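Those protein sequence lines, which keep their order, are chains W and H.
Each residue of the first sequence is one higher than the last, beginning at 4 in our numbering.
Each residue of the second sequence is one higher than the last, beginning at 677 in our numbering.
The beta-carbon is built from N, C-alpha and C at its ideal position, and this holds for glycine as well.
For clarity, every value in this text was computed on a predicted model and none was experimentally measured.
These notes are about the structure you will find just below.
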Amino acid sequence: MKVSVQREDFDLSAEVKALAGGSRSIGAVASFVGVVREVAMTLEHYPGMTESAIRKIVEDAAARWQVMDCTVIHRTGELKAGEQIVLVAVASAHRGDAFAACEFVMDYLKTRAPFWKKEHRPEGARWVEARASDDDAAQRWQGAAKKAV
Amino acid sequence: MKVKLLFFAGLREQLGTLGEEIELPGGVSTVAALRLHLESRGGAYEKAFSEKALVRAAINQDMVQPTARLKAGDEVAFFPPVTGG
Numbered sequence: 004m005k006v007s008v009q010r011e012d013f014d015l016s017a018e019v020k021a022l023a024g025g026s027r028s029i030g031a032v033a034s035f036v037g038v039v040r041e042v043a044m045t046l047e048h049y050p051g052m053t054e055s056a057i058r059k060i061v062e063d064a065a066a067r068w069q070v071m072d073c074t075v076i077h078r079t080g081e082l083k084a085g086e087q088i089v090l091v092a093v094a095s096a097h098r099g100d101a102f103a104a105c106e107f108v109m110d111y112l113k114t115r116a117p118f119w120k121k122e123h124r125p126e127g128a129r130w131v132e133a134r135a136s137d138d139d140a141a142q143r144w145q146g147a148a149k150k151a152v
Numbered sequence: 677m678k679v680k681l682l683f684f685a686g687l688r689e690q691l692g693t694l695g696e697e698i699e700l701p702g703g704v705s706t707v708a709a710l711r712l713h714l715e716s717r718g719g720a721y722e723k724a725f726s727e728k729a730l731v732r733a734a735i736n737q738d739m740v741q742p743t744a745r746l747k748a749g750d751e752v753a754f755f756p757p758v759t760g761g
């Protein structure tokens with residue numbers, strides 16, 4: 004598992020290649036990249052807790068699906084519109100587990116990992132408010148059975 | 677009993693401080709009680725920790741419920757609901 008909270012950008016294709024090459028039994032890598040929409044923002048986090056919260060989320064995913072390896076990269080600091088913010092990539096033997104685990108990690112990252120976005124709009128800077136739909140997205144996994152693959 | 681308080685994001689800005697060491701008054705033994713104690717300081721604290729303010733908490737870098745118990749030396753963080761990803 005690779006978890007990195009960093010200011011620098013990341014290279015999706017290099018990260019996916021590194022995951023896919025990790026084991027001969029890996030047959031699928033599902034990845035998600037989040038991108039800054041419309042306005043520049045600053046991302047703050049809680050150093051120490053952030054990394055352990057992400058690791059716990061990945062461990063929860065691995066308890067539900069076959070997760071052979073996983074990379075999570077989340078950027079912090081100043082980010083401009085169009086820049087990459089977050090990468091979640093999950094390697095598994097088959098696509099069903101990889102897709103489901105990737106979505107699960109993203110949904111929980113949005114509600115459990117201590118990051119906060121501050122948008123820089125022309126009328127001034129403001130902290131982004133959490134959305135109930137993000138809680139709902141994470142909530143729907145509660146009690147959800149392992150998907151058939 | 678002493679604990680270390682940390683504040684993040686909008687809450688940190690509202691209070692104008694990153695955190696502090698605090699000696700807890702007797703009877704303050706849970707996150708909920710600590711929140712009420714901070715609210716009772718008045719001013720920015722009263723607003724930031726009012727009942728309707730959305731505040732989350734972590735003890736020693738683990739997200740906890742308001743009923744979680746405090747012990748000496750804990751790192752207690754308060755922050756708004758998270759908005760990463």
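- Residue pairing by DSSP places A729/H in no beta bridge whatsoever.
- Around the CB of R129/W, fewer than 16 other CB atoms lie within 10 Å, so the residue is classed as exposed.
- The region 86–103 of chain W and the region 732–742 of chain H do not touch, with fewer than 3 CB-CB distances between them shorter than 8 angstroms.
- When secondary structure is reduced to three states using DSSP, M4/W falls in the coil class, being assigned neither helix nor strand.
- By the neighbour-count criterion, in which a residue is buried when 16 or more other Cβ atoms sit within 10 angstroms of its Cβ, E18/W is buried.
- For P50/W, the closest Cβ of chain H is not nearer than 7 angstroms.
- Listed in chain order, the alpha helix (DSSP H) elements of length 4 or more contained wholly in the region 13–90 of chain W are 15–23 and 52–67.
- The beta-bridge partner set that DSSP reports for G127/W consists of R124/W.
- Per DSSP, reduced to three states, the secondary structure at Q741/H is coil, with no helix or strand assignment.
- Under the DSSP assignment, V707/H falls in the alpha helix (DSSP H) whose first and last residues are V707 to E715.
- For the region 97–115 of chain W, the set of positions with a beta-carbon nearer than 9 angstroms to some beta-carbon of chain H reads M109, D110, L112, K113, T114 and R115 in chain order.
- Taking a cut-off of 8 angstroms on C-beta distances, the region 715–728 of chain H does not touch the region 78–94 of chain W, as fewer than three cross pairs fall below it.
- Taking the Cα positions, S34/W is about 14 angstroms away from L112/W.
- For V38/W, the closest alpha carbon among the candidates A65/W, G25/W and K83/W is that of K83/W.
- The C-beta separation of L681/H from E696/H comes to about 5 angstroms, placing the pair in contact by the 8 angstroms criterion.
- Not a single C-beta of chain H is nearer than 7 angstroms to the C-beta of K5/W.
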